Amino acid sequence: MLFPLPAQFVLHIYSWYFLIQALRTLFNVAHRLHNILGPSWVLVLETLAALDRTIHSPHASTQEVSASVSRLSRDTSGQYSDFHILSSLNSQLFESSALMNVAAVKSLLSALHQLSSQHISGNSQLSGQQIGSIAFSVERMTSILVNNLHRVESIWDQIAAHHLELANCPNPQLRNMALDSLDHSICSVVGSEKFQGISSAPHPLKEYQLVEESETRSFEYAVLSPLVILYSSNKNIDVQMGALKILLHVLERHGEKLSYSWPSILHMLRAVADASEKDVISLGFQSVRVIMNEGLATIPVQCLDECILVTGAYGAQKTDINISLTAAGLLWTATDFIVKGLSGRSVQKANHLNEEVQLGVSTEEGDIPTSEEGVKRNPLQQLVDYNKLFFSVFSVLQKLGADDRPEVRNSAVRTLFQTLCTHGQKLSLSMWEDCLWIYVFPMLEHVSHLASTSSKDEWHGKELGTRAGKAVHMLIHHSRNTAQKQWDETIVLLLGGIARLLRSFFPLLQQLSKFSSGWAILLAFLKNSILNGSKEVALAAINCLQTFVSSNCPKGNLESSFVKSVLDIYELVLQTSPNYKSDSADKVKQEVLRGLGDLYVQAQSLFNDDMYLRLMAVMHLMIKSSMNSSDYDSELGSIPAVQRGILEIIPMLRPTTMLSSMWSPLLLELLCYLNGEESPLHRNSKEIREQNSDALANGTKRSSVEQGHINGTGTKGDTVVGCGWGILFIEKLVPIMVNLFLEAPPNERCSASPQVIQGLGRCMNTRRDNPRGTLWRVSAECFNRVVTDEVRQENAECGSDMNSYRLSRARFWKEVADVYETFLVGSCGRVLSSDVPSADSATADESLEMTVLTVFGDSVLKLQKEAPVEVLQRLVNCLDRCASRTGSLPIQTVGLLPLHCSRFSLGCLQMMFSLCSCILKTSSYPAVSETSKVSISILTKRCEVILGQFLADENDLGDRPLPSVRIEETVCVLQELARLILDIETANALNIPLYLKDALRENQSHGRAHLLSLLPTFSELVVSREPRVRELVQVLLRLISSELGLQRLT
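Just so you know, the sequence shown maps onto residues 828 to 1877 in this note's numbering.
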């Protein structure tokens, strides 16, 4: 029978050494009689608790040793050595519990529980001694647990019950002590060998193993159940967070060993998501992150679906938006795991079938737990239904996609489409059907409905403070300051996701049984988004169509019907409200136009004549609707957005080889804007709009456009300057049209060349009324390109219909003559602007004018092969009239002529001499000879007029000097006459007596025949007062003498 050693014994002991010996005796008795102590453990533990307090108390020597003992002389170092020995014996006693039988251990735990319970009270205030005794009991319980892990099932309930009791105490120190100890205890138990292999048994279990399995399941529930109890039953936030921290530690360190407790764990975490405290939710979500990132491969298959739902619950909670966003990312992680399972399952099935074929045996029912009986015998080995898991993720994402928080729903939409785009190749057709019809299309419809019914009221940012008595709010960007705008952003993401699907999986989607109906739904949604959505939504819908076309046409994945359906939408959008103007509407129209051009470029091989004419009709309608003489952008000197879009797509519309017959309609359509004419498509456009109005009223749209034949005829309108096209638009259109014309096939160019020349001539004529403008300059440069290229065209290149060719070329040469007469001659009488042009501008204008002259002479008159004689006469007369600018002016005003005009006049004069010269040798000699014959008679007359005018002016002025302009002109004529050499045919065209022609022909001295026709004039100039003129006349007379074979007699 043992008697207690009361505290008085410790406090009033006479000898320190007797104390040490007594305690050692107590330890020996406890070690030897541990299995029979039973209730007496309480007496032992009370003494050991007092010893523990003495050892660990910094004031033990003054507080717990009597004054008589303190007066004794002690060896301090000896005492510390004794304390160390006693502390070691104390620890060894509980470590040796592993050698005790189960009853003794339970008795020891009961005694510790009793010792601790004696000091627990309802009062939250406890003395240091009470807390020390409780801490002693808790620590020793943990030590016993750690040393008895091999039989922990028998003692766990006692330990867990006491920890729960302490955790429910009002004293915070005891609660923290209990939670820390429980953390250590649970992690030790889960980390022990007891949990090895529970979730990884590869084969069905036998009967006795099933019994053990049931016991293991019960024990795992028992180990984790304190956490569930603490969170659900204790309303203290600290206790709840402590339970969640313990769970987090377990999952981080030993989560792969858990099997049967997952349902309760997930249920607990699901409840955490509904908590109102942010810190609690954050702590619970940390466990979810560990599960989703590291534990999916080890979780029982029947719990995987619940994991996804729990993650979705954290995504839906409204306390912390960052957690919701991270939860959406975890769902993406889950899809990775699921898709790997889908791929692995296919490979596993294939390998299994191969093994059966090789071995020639069939799998027995008991070998693989795929049958119902096998699943019942081993529920942890159920097959994973990856399809169900995949759709569970999509279901959660679909719900999050309708969340009222923009960031959360946008993240969910991105995750959903990212999943489909990344793993779509691994999904079966049936799964694609379900994804689209159960999740994607309903999400599209639901989000669209929420957007249409959302508020348009502007939001005010968070209040930051006050200034001058007024509240200061955080600024919100105008594109996000209403609920509807934020929902529109979500629709934009949805459309972007659909565009990615169409880009990557369109051939696969075409194989779906419901593809036709789904395609119709999508087109209707896109059409509605463009027509009725905001600018951002409309642009996203257009981008969706553009992506669909650009990604599938080059691969040959599209049929003509798909191209027509896209064209229908573009056509309807541009024809619905052509007069509606705003920045947003113009931007949408501009993008639609760009999409229209991309559609043609990408799907050229699928276009026929009717579709191309529809394309042109839409373009015409947009040009008509965008032209307004009072356009604000035009007033600012810029081109409106829609017109810029039109100019961008026109170069894309060049017809292909299969559409070669469309060159003429295209060029004639563009020429209508240059000529100021009514387009042949205008009437058809009105009919189209009327048809569309009726179709919209009925809620349907049949995108068919009846196109008339474009024959180039039209009603003459105002001049290009006065019409509403817009001068800036025409300036940009002219080079585009010319580039297209030069790319057209020769036969199409041949038929359209007269109209092109006429249109360019109209634009060049703007020089008269707007000499500072740019249009005439651009048109002149383009005219030079066109006329040069057309003159060099060969007859064989223009087809076999020579009658049509001749008629067209005759019209061409007539228009060329009209342009040169109007531009070079008609502009001479233009009204000079009061604004003095800059030196650079004047130099550029003069250079361009000289370039036109050079092309006129060198590329047109010299290289022409088929110009009618009457046209040649007009062209040379035009050149002659330009050469007469100086000579036609009276002596009083010739000095006022601008220098560039006199230089141009001399240039024209020199060009006429060049046309008559026989030095030029070309492959088309007959045509050049014809030009020379027409030019020589006009040139000699002009020379006679200039020289006669010089004589008249000199006689009128008397001794006064002549203007330098007149002298320079006369000197130039005399010099050129001296250099000019004629061929025989040109000489025969001179107006000189026949006998002279015969004599010159016989003597083969026809090269200077033109000098003979001017001999009378030269005779009068011999007496001129101008030295240079007299010298040049003498040179000419010598040349005449040489031509006639006359020499001096002496």
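Yeah, the Cβ is synthetic: ideal placement off N, Cα and C, and Gly gets one too. Because the structure is a prediction, the values reported are computed rather than measured.
So is residue i buried or exposed if we call it buried at 16+ other beta carbons inside 10 Å?
{"i": "L1859", "result": "buried"}
{"i": "D1879", "result": "Shown here, the chain extends from 828 to 1877; a query on residue 1879 therefore has no answer."}
{"i": "E1047", "result": "buried"}
{"i": "H776", "result": "Residue 776 falls outside the range modelled here, since the chain spans only 828 to 1877, and no answer is possible."}
{"i": "N1592", "result": "buried"}
{"i": "A1351", "result": "exposed"}
{"i": "D1825", "result": "exposed"}
{"i": "D984", "result": "exposed"}
{"i": "N1120", "result": "exposed"}
{"i": "I1318", "result": "buried"}
{"i": "S1869", "result": "exposed"}
{"i": "V1643", "result": "buried"}
{"i": "N1359", "result": "exposed"}
{"i": "S1387", "result": "exposed"}
{"i": "V892", "result": "Because V892 sits at a pLDDT of 40, beneath the cut-off of 50, its placement in the model cannot be relied upon, and the following sentence gives the value as read from the coordinates. By the neighbour-count rule (16 or more Cβ atoms within 10 Å), V892 is buried."}
{"i": "P1492", "result": "buried"}
{"i": "I1064", "result": "exposed"}
{"i": "R1116", "result": "buried"}
{"i": "D1667", "result": "exposed"}
{"i": "Y1035", "result": "Because the pLDDT at Y1035 is just 43, under 50, the model does not fix this residue reliably, and the point stays unresolved."}
{"i": "V1137", "result": "buried"}
{"i": "L1093", "result": "buried"}
{"i": "D1628", "result": "exposed"}
{"i": "K1084", "result": "buried"}
By alpha-carbon positions, which one of the options ends up nearest to residue i?
{"i": "L1560", "options": "M1629, N1574, I1477 and G1588", "result": "I1477"}
{"i": "L1675", "options": "F1556, L1602 and R1330", "result": "L1602"}
{"i": "G1834", "options": "E1803, Y1822 and C1745", "result": "C1745"}
{"i": "G1879", "options": "D1261, S1729, L1243 and S1392", "result": "Residue 1879 lies beyond the stretch modelled for the chain, which goes from 828 to 1877, so this question has no answer here."}
{"i": "W1159", "options": "S1711, L1247 and A1779", "result": "L1247"}
{"i": "R1708", "options": "T1649, H940, S1356 and V1415", "result": "T1649"}
{"i": "K1145", "options": "L1254, C1130 and I1108", "result": "I1108"}
{"i": "I1073", "options": "M1004, S1045 and P1482", "result": "M1004"}
{"i": "R1589", "options": "E1558, E1847, V979 and L1569", "result": "E1558"}
{"i": "V1267", "options": "H1727, S1741, V1687 and F1221", "result": "F1221"}
{"i": "G1345", "options": "Q1113, L1271, C1705 and L1224", "result": "L1271"}
{"i": "M1677", "options": "D1315, V1721, M1738 and F1639", "result": "M1738"}
{"i": "L1827", "options": "S1846, D1783 and G1872", "result": "G1872"}
{"i": "R777", "options": "A1049, I1794, L1085 and P1269", "result": "In the structure displayed, the chain extends from 828 to 1877; residue 777 sits before or after that span and is not available."}
{"i": "S1281", "options": "S1255, Q1313, I1348 and C1705", "result": "Q1313"}
{"i": "L1778", "options": "C1705, D1231 and R1857", "result": "R1857"}
{"i": "G1722", "options": "V1696, G1734 and L1789", "result": "L1789"}
{"i": "W1490", "options": "L1071, D1436 and M1446", "result": "D1436"}
{"i": "L1001", "options": "C1014, V1016 and S964", "result": "S964"}
How far does the alpha helix (DSSP H) with residue i in it extend, from its first residue to its last?
{"i": "I1108", "result": "K1105 to V1117"}
{"i": "Q941", "result": "V929 to S944"}
{"i": "L1131", "result": "V1128 to A1143"}
{"i": "P782", "result": "Shown here, the chain extends from 828 to 1877; a query on residue 782 therefore has no answer."}
{"i": "C1705", "result": "V1696 to A1710"}
{"i": "G1895", "result": "Residue 1895 is absent from the model: the chain starts at 828 and stops at 1877."}
{"i": "F1845", "result": "L1842 to L1848"}
{"i": "I1013", "result": "P999 to V1017"}
{"i": "Y1632", "result": "M1629 to Y1647"}
{"i": "T1374", "result": "K1362 to N1379"}
{"i": "F1740", "result": "L1726 to C1743"}
{"i": "P1854", "result": "P1854 to L1871"}
{"i": "N1611", "result": "L1602 to V1618"}
{"i": "N995", "result": "Unbroken run through N995: none, as it is neither H nor E."}
{"i": "P1090", "result": "W1089 to V1099"}
Since residue i sits in a beta bridge, which residues does DSSP pair it with?
{"i": "K1297", "result": "R1294"}
Any Cβ of chain B within less than 8 Å of the Cβ of residue i?
{"i": "W1089", "result": "Considering every chain present, this structure includes no chain B. It has just one protein chain."}
Exercise. Where in the region 1213 to 1246 do unbroken runs of the alpha helix (DSSP H), each at least 4 residues long, occur, reported from the N-terminal end onward?
Worked result: With a minimum length of 4 residues, the continuous alpha helix (DSSP H) runs that stay inside the region 1213 to 1246 are 1213 to 1227.
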